[in-house]
């Protein structure tokens, strides 16, 4: 088998022969126009239209005045005199016979390699097998490829190679390109929905002097001219809420955020987030809005990309439950006792009544600890307060079984669920509930067991917010690396008066994974972060 260097040299030799014929291997003399692009798109659609193809003439039935159509793109296969050409709209083939071309064009054809970019032009015909082909009367070389495509165009199979060489993956695997076209449409749908509901799209800084807006470890950088240490933004939240103070009642931003965390099928160190903030609204108002927004995005996606949205394990048209966190824990314990969901290592220790009893819950957690795996032990042992224990039990006990607990009436699919009323200790930016100050007006949305979004009624009391920032600093002194800084300027902004408001954050990548049936976040990121390639 030839090495990569040998293959490259063979193609370099052909590039040199092109120069000898007076043709640049990488020309930029032929240009597409809207008219030519429209004709190419029409041609590719016709190639997939059985009824339309049947109306095309056979080659020997062609009339002299038949319309010539352009087909340009990457050559992905050669089958005798036929070339299969890949375009952004799909594949079509050309029948290219040297005796139908000028002497120059026929000479160029001999130097063709798979993956080269070419233009063929001629009338559309029906082959003997009923397929469409452009009967070439003109052939142009548009760009040389020095490396061949994946063997036999079965596509890249090595997952690591696919992610690392996405530029090959996209043209070798059309289904991959479809996912990213769907992603773009979904972002356009999100924008359209928010624009139609009176929100203003804005841009806020990526470089922050302090870390804030979410509990996460940051990436650090340095600005030389100002001699200033900065962090890449963890979230745009605090800047967007400053805009509420400034009088923009409805704002949103879609952009990249950066969190120095592990890599998994659900996590990438940089990802796309949507955050929006709505003055004179509560977190309950946002639940209604989010249901409408995600259903609207999904409807547009299903209409255009049905191949990505076939059978699903979840149903967005089902009722979206709204369940307080403590009730979800109690419900999980009750169902485990009745055998409806798997038993837990703590079912004989932890009772539903203990969830609201600080002393009983502390005692139960001490008895539970030896029964847990090491990571879960560390998470629970790290808890200092009652609220932190409640949150840890939800993550350890309930979150893995949300798909089993909340389902459609016939039980065939999982149903979305809003988990509400979080402990204030794990919600440093959310407003306390007026009736239960130990908890805040907050929700997280889970669909098919995946956490998609976080939202809450915003804390606009500057004194309460300052105390929350102080508690974050105290948690950092105890060893918690995922805490926020004290943002004095944000406190000053609140002192000027922020209207009552609610805010929402959505992981766009996770939404694309969910709605397009993709198993890993790397499948919806064009260029996911990877370890350096081995020498």
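Residue numbers (my numbering): 3 to 537. No residue lacks a Cβ here, since even glycine has one placed at the ideal position from N, Cα and C.
- Here the C-alpha atom of residue 84 lies approximately 13 Å from the C-alpha atom of residue 128.
- Between the stretch 497–517 and the stretch 170–188 there are three or more inter-stretch CB-CB distances shorter than 8 Å, so the stretches are counted as touching.
- Excluding residues up to 5 positions away in sequence, 371 lie with their Cβ nearer than 6 Å to the Cβ of residue 379 in the same chain.
- Judged by DSSP secondary structure, residue 195 falls outside any beta strand (DSSP E) and instead within the alpha helix (DSSP H) spanning 176–198.
- As computed with DSSP, residue 137 is found in a beta bridge with 97.
- In the structure shown, residue 498 falls within a coil segment according to DSSP collapsed to helix, strand and coil.
- Counting only residues of its own chain and dropping the five nearest sequence neighbours on each side, residue 214 has a CB closer than 8 Å to the CB of 236, 237, 239, 240, 486, 487, 489, 492.
- Segment contact: the stretch 491–505 against the stretch 129–137, fewer than three CB-CB distances shorter than 8 Å; contact not assigned.
- DSSP, reduced to helix, strand and coil, places residue 220 outside both helices and strands of the structure shown, so it counts as coil.
- Residue state for residue 370 is assigned as helix, using DSSP reduced to three classes.
- Distance from residue 246 to residue 503 at the Cβ level is roughly 5 Å; contact confirmed, criterion being Cβ atoms closer than 8 Å.
- Across the set 295, 416, 307, the C-alpha of 416 shows the shortest separation from the C-alpha of residue 323.
- Taking C-beta atoms under 8 Å as the contact rule, residue 455 and residue 508 qualify, at a distance of about 4 Å.
- When 123, 47, 522 are compared, the shortest CA-CA separation from residue 142 is found for 123.
- Residue nearest to residue 536 within the set 150, 144, 95, 166 is 166 (criterion: CA-CA distance).
- Straight-line measurement puts the Cα of residue 93 at about 24 Å from the Cα of residue 62.
- In the DSSP annotation of this structure, the continuous segment of the beta strand (DSSP E) that includes residue 425 starts and ends at 419–425.
- Residue environment analysis places residue 420 among the buried positions, since at least 16 neighbouring C-beta atoms fall within 10 angstroms of its C-beta.
- Taking 9 Å as the cut-off, the beta carbon of residue 113 is found closer than this to the beta carbon of residue 19.
- Sorting 524, 435, 6, 25 by C-alpha distance to the C-alpha of residue 272 places 524 at the top.
- Taking all protein chains in view, the Cβ of residue 137 is crowded by 16 or more other Cβ atoms within 10 Å, so the residue is classified as buried.
- In the DSSP assignment, residue 464 falls within the alpha helix (DSSP H) that extends over 464–479.
- Look at residue 353 here: in three-state DSSP terms it is coil, with no helix or strand label.
- Under the three-state reduction of DSSP, residue 384 is assigned to coil, being neither helix nor strand.
- For residue 428, there is no enclosing alpha helix (DSSP H), as DSSP marks it with neither H nor E.
- Non-local beta-carbon contacts of residue 363 in its own chain, meaning distances under 7 Å to residues more than five positions away in sequence, involve 356, 357, 388, 391 in chain order.
- Distances from the CA of residue 242 to each of 266, 91, 204 were compared; the closest alpha carbon is that of 204.
- The DSSP-derived three-state label of residue 317 is coil.
- Beta-carbon to beta-carbon, residue 425 and residue 393 are separated by about 5 Å, close enough to satisfy the 8 Å threshold.
- If you ignore the 5 residues before and after residue 98, its C-beta comes within less than 7 Å of the C-beta of 83, 85, 111, 122, 138, 141, all in its own chain and listed in chain order.
- Looking at the DSSP output, residue 280 sits in a beta bridge with 252, 504.
- Residue 169 is not a Cβ neighbour of residue 506, given a cutoff of 9 Å.
- The way I'd put it, the stretch 331–339 doesn't touch the stretch 430–442; fewer than three beta-carbon pairs between them come closer than 8 Å.
- Judged by their CB atoms, residue 149 and residue 13 are nearer to each other than the 9 Å cut-off.
- A check of alpha carbon separations from residue 521 across 318, 381, 423, 266 identifies 266 as the nearest.
- The Cβ neighbour count for residue 160, taken over all protein chains shown within 10 Å, is under 16; the residue is labelled exposed.
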